[in-house]
Structures are given as C-alpha cells and as structure tokens.
Amino acid sequence: MRPKWAGGPANRPDGPLQSLRRRVWAARVFALSVPDAFEKHFFNGLLGVVLFDRNRRGTLLTSAGVAFLQDVRRLFTVLEQARENVKAVAAGSQGSLRIAVSDGAIDPRLSAFLAHCREEEPEIEIRLSEVPLAEQVRGLRSGDFTIGFAHAADVGEGIVAETIWQDPLVVAMPPRHPLLSHKKIPLHELACHPLVLCNPQVCEGYCRELARLLRPLEREPNVAEQVSSLDMMLTLVGAGYGVGFTTAARIAVSQRPDVVVRPLAVDSAVITTYLLRPDSDDLPEALERFIVRLREHSGD
C-alpha cells in the first residue's frame, strides 16, 4: 500500500527536512507555472496569505505573491550558486568571483581584463551575470554577487562606487540624416528628431545619465522606440526610426555600415563605468587582488 503522502509533497509528515523539501517543491512549481485552482488553494494555505487574485483579466499575483516570487527566485539563485561552487572546488578551484554587469556596461576592455585575470589566477573561477541594476544592488548587499559593473554611482547605502572608465557619448544616425551637417551635434537639435533609447528597466543607470544629459532641452524628448540592446538600437537607427546614443568604445566594434556617428557638442557628454562593491573593510583576498589589478588595467 502506498503511504498516504505518496501523491506529492503537500501531505508528507512535517519534520524539518520534509518541511524544507515541501516548500522548495512548492516554490519550484510557483516559479515555473501558472497555478490552477487546486494549486492556488495549496499555495495560499501553505503560507497563510493570498498570493493570487483572479479577475476578468485572468489570474494575477497579489503584492504578497510578487514579493514571494522574488524571494523564490533569489532562493534558487543561491542554490544554483552553491551547486556551482561545490563543482568548482571539486574541479580544483580555490575560490570564485561572482560578477554582475548592468546597464550594458560591457565592452572589449572588460573582456580583455577578465582574460588577463584568468591568465594570472586560473584557480579563481570568475562567473559573469547580466542583470538589471536593482537586482545587482540587491545581490551585492545579500552576498549573491561579489562585485559589479554599472553606469550608475548613486545606488544607496552599503555600496561603494568607483570610477573605472569614461567614454565620450556619440549620436548614432542613418546615412544622409540631416544632423550629419554638423561635425558635432548641438544638444538642442536633438529636440527636433525622434529618439531610439534604451528601456529604463533594462539599463537603469545608463538611462539616468542620458536623462541628466537631455535635461536642458526645452521640451520633452520625442522617444520613438525603447530597446533592450545595442544591436536593436542600431538596427532601428539604421532603418530610419530615429537617432540613438552609444559610446565611442562600443560603436568602434559594431562595424555597422548603415549607421554613422557624430560626437555631441557638450563637454560633459560622457558615460562612466563604475565598479560597485560592498562597503566593507573585510574583503576576500581574491577580490582585493581583482580590484588592484582592475585599477592598474584601467589606468593603462
């Protein structure tokens, strides 16, 4: 005869390990699927709060459900990191650096630097994750990430921001665009043309810097499209949807014959890449060596 709890974790006896397994199983289902009526009842009963709300638009998460989902995702991120750490140590690694990158703060200099680090200390595993800025900051505070790169310095208490690179901002436009009559684009001219900008939810810090730059315009910019990647921005610019912004370093490796760039006639038109790390005097030795090496590399 099958035990009475054999149908699933929901009915198993609640010892400490069984309780953890039940909650992990529930979290896995919660994170990966839209629950049916039975599952909704199960989840609501499990936590004692209402996680789902059903209306004419379908089944939606309540505010408690959204908070639970975020914590569940972080839980599985930590579990995955633990699994990877165990595998790395078993393979001979002597430590790891978990690096978060936000705002599209990736260019050939970062690639070259990471390659140099792997040559200098191959026993230190370096793992890169591309995440929104808010998630990076949460991860740095919780310890999910060791260090990060972003285009924002104002990220709140507990995080130190250090300038690593500064790049001139350039305007990208299609060939034969009227703005090409200028060797340097006056800022006020941009008010007359549609813009293709990065989605603020994807590139929060980068968009903050652009908003600061465009603030002197006498009217709100005409945002034609919002995109989540440089490639999409350049594609829409090349197709004539509008003009966009990027850095001189990133456009140099794009090699797009359908896009022409001009510098802005504004001295402060620069994008800064910051190194973000927890505000602590007790950093791991591998991280301290990484930071020293990065400072030397950025000064070359």
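Quick note on numbering: the sequence shown equals residues 3 to 302 in the numbering used here.
Every residue gets a Cβ at the ideal spot worked out from N, C-alpha and C, and that includes glycine.
As the structure is a computational prediction, the values presented were derived from the model and not from experiment.
Thinking C-beta only, is Val198 closer than 7 Å to Glu222?
-> On the sequence shown, position 220 is the one that residue 222 refers to. On the sequence shown, position 196 is the one that residue 198 refers to. No, Cβ-Cβ distance for Glu222 and Val198 is not below 7 Å.
What's the gap between the Cα of Glu125 and the Cα of Ser270?
-> Here residue 125 refers to the residue found at position 123 of the sequence shown. Here residue 270 refers to the residue found at position 268 of the sequence shown. Approximately 41 Å, taken between the alpha carbons.
Assumed close pair Ile166, Tyr276 - CB separation to whole angstroms, cut-off 8 Å = Reading the sequence shown from its first residue, position 164 is the one you call residue 166. Reading the sequence shown from its first residue, position 274 is the one you call residue 276. Sure, about 6 Å apart at Cβ, within 8 Å.
With distances taken Cα to Cα, identify the nearest neighbour of Val52 among Arg58, Leu71, Arg59.
-> Taking the sequence shown and counting its residues from 1, one reaches residue 52 at position 50. Of Arg58, Leu71, Arg59, the residue nearest in Cα terms is Leu71.
What does a CB cutoff of less than 7 Å around Leu212 pick up in its chain, not counting 5 residues either side in sequence?
-> Locating residue 212 in the sequence shown gives position 210, counting from the first residue. Closer than 7 Å at Cβ, skipping near neighbours: Leu199, Phe247.
Return the first residue and the last residue of the beta strand (DSSP E) that Phe147 is part of.
-> In the sequence shown, counting from the first residue as 1, residue 147 sits at position 145. Premise fails: Phe147 is in no beta strand (DSSP E) and is neither H nor E.
Hey, how far is the Cα of Ser95 from the Cα of Ala241?
-> Here residue 95 corresponds to residue number 93 of the sequence shown, with the count starting at 1. Here residue 241 corresponds to residue number 239 of the sequence shown, with the count starting at 1. Confidence at Ser95 is low in this model, with a pLDDT of 46, below 50, so the placement of that residue should be treated as unreliable; the coordinate-derived value is given next. Near 47 Å, if we compare the C-alpha coordinates of Ala241 and Ser95.
Taking three-plus beta-carbon pairs below 8 Å as touching, is the segment 124-144 in contact with the segment 244-259?
-> no
Could you have a look at Cys119 and say whether DSSP puts it in helix, strand or coil?
-> For this step, residue 119 is matched to residue 117 along the sequence shown. DSSP places Cys119 in helix when its eight states are reduced to three.
CA nearest to the CA of Val279, picked from Val162, Ala152, Ile101 | By one-based count along the sequence shown, residue 279 stands at place 277. Correcting the residue type first, residue 279 is Arg in the shown sequence and not Val. Out of Val162, Ala152, Ile101, Val162 has the C-alpha closest to the C-alpha of Arg279.
Shortest alpha-carbon distance to Val139 belongs to which of Leu285, Asp156, Val294?
-> As a first step, residue 139 is located in the sequence shown; it is residue number 137 there, counting from the start. Answer by Cα proximity: Asp156.
For the alpha helix (DSSP H) that contains Gly240, what are its first and last residues?
-> For the purposes of this step, residue 240 is identified with residue 238 of the sequence shown, where counting begins at 1. That run of the alpha helix (DSSP H) goes 232-240.
State the DSSP-derived secondary structure class of Tyr243, mapped to helix, strand or coil.
-> What you label residue 243 is simply residue 241 of the sequence shown in a count that begins at 1. Reduced to three states, the DSSP call for Tyr243 is coil.
Given Gln203, which residues of its chain have a CB within under 7 Å of its CB, disregarding the five upstream and five downstream residues?
-> The residue you call residue 203 lines up with position 201 of the sequence shown. Excluding positions up to five away in sequence, the list reads Pro134.
Residue(s) in a DSSP beta bridge with Pro170 = Translated into positions along the sequence shown, residue 170 becomes position 168. Answer is Val272.
Residue of Leu216, Cys194, Val239, Ala267 minimising C-alpha distance to His184 = Walking along the sequence shown from the start, residue 184 turns up at place 182. If we check each option's Cα against that of His184, Ala267 comes out closest.
Which residues does DSSP pair with Val229 in a beta bridge?
-> The residue labelled residue 229 in the question sits at position 227 within the sequence shown. BP columns for Val229 point to Cys200.
Taking the Cβ atom as the reference point for each residue, do Phe147 and Arg100 lie within a distance shorter than 7 Å?
-> Numbered from 1 along the sequence shown, position 145 holds the residue referred to as residue 147. Numbered from 1 along the sequence shown, position 98 holds the residue referred to as residue 100. The answer is yes: Cβ separation under 7 Å.
For Asp55: DSSP bridge partner residues | Counting from 1 along the sequence shown, the entry for residue 55 is found at position 53. In the DSSP output, where bridge partners are listed per residue, Asp55 has Leu62.
Assigned exposure category for Asp233 - 16 Cβ within 10 Å defines buried = To locate residue 233, count along the sequence shown from 1; it is residue 231. So Asp233 counts as exposed.
C-alpha distance - Leu215 paired with Val172, whole-angstrom precision = Start at 1 with the first residue of the sequence shown, and residue 215 comes out as number 213. Start at 1 with the first residue of the sequence shown, and residue 172 comes out as number 170. Using only the alpha carbons, I get a separation of about 12 Å.
Member of Asp169, Pro170, Leu142, Gln168 whose CA lies at the smallest distance from the CA of Gly158 | Working through the sequence shown from its first residue, we reach residue 158 at position 156. Among Asp169, Pro170, Leu142, Gln168, the Cα nearest to that of Gly158 belongs to Leu142.
Local conformation of Arg100 per DSSP, three classes | On the sequence shown, residue 100 is found 98 positions in, with the first residue counted as 1. In this structure, Arg100 counts as strand in the three-state DSSP scheme.
Start and end residues, alpha helix (DSSP H) containing Glu127 = On the sequence shown, residue 127 is found 125 positions in, with the first residue counted as 1. It is not in any alpha helix (DSSP H) - Glu127 instead sits in the beta strand (DSSP E) that spans 126-132.
In angstroms, rounded to a whole number, what distance separates the CA positions of Ala33 and Ser230?
-> Stepping through the sequence shown from its first residue, residue 33 is reached at position 31. Stepping through the sequence shown from its first residue, residue 230 is reached at position 228. With a pLDDT of 47 at Ala33, under the threshold of 50, the modelled position of that residue is not reliable, and the figure given next carries that caveat. Near 24 Å, if we compare the C-alpha coordinates of Ser230 and Ala33.
Bridge-paired residues (DSSP) for Ala163 = In the sequence shown, counting from the first residue as 1, residue 163 sits at position 161. Answer is Leu278, bridged to Ala163.
Tell me, to the nearest whole angstrom, how far the beta carbon of Glu206 is from that of Asp105; I am working on the premise that it is less than 8 Å.
-> Walking along the sequence shown from the start, residue 206 turns up at place 204. Walking along the sequence shown from the start, residue 105 turns up at place 103. About 7 Å; that satisfies the 8 Å criterion.
Using a Cβ-Cβ cut-off of 7 Å (strictly less than) and excluding sequence neighbours within five positions of Ser35, which residues of its own chain qualify?
-> Numbered from 1 along the sequence shown, position 33 holds the residue referred to as residue 35. Residue placement at Ser35 is poorly supported in this model, since its pLDDT is 49, which falls under 50; the coordinates still yield a value, given next. So no residue of the chain qualifies.
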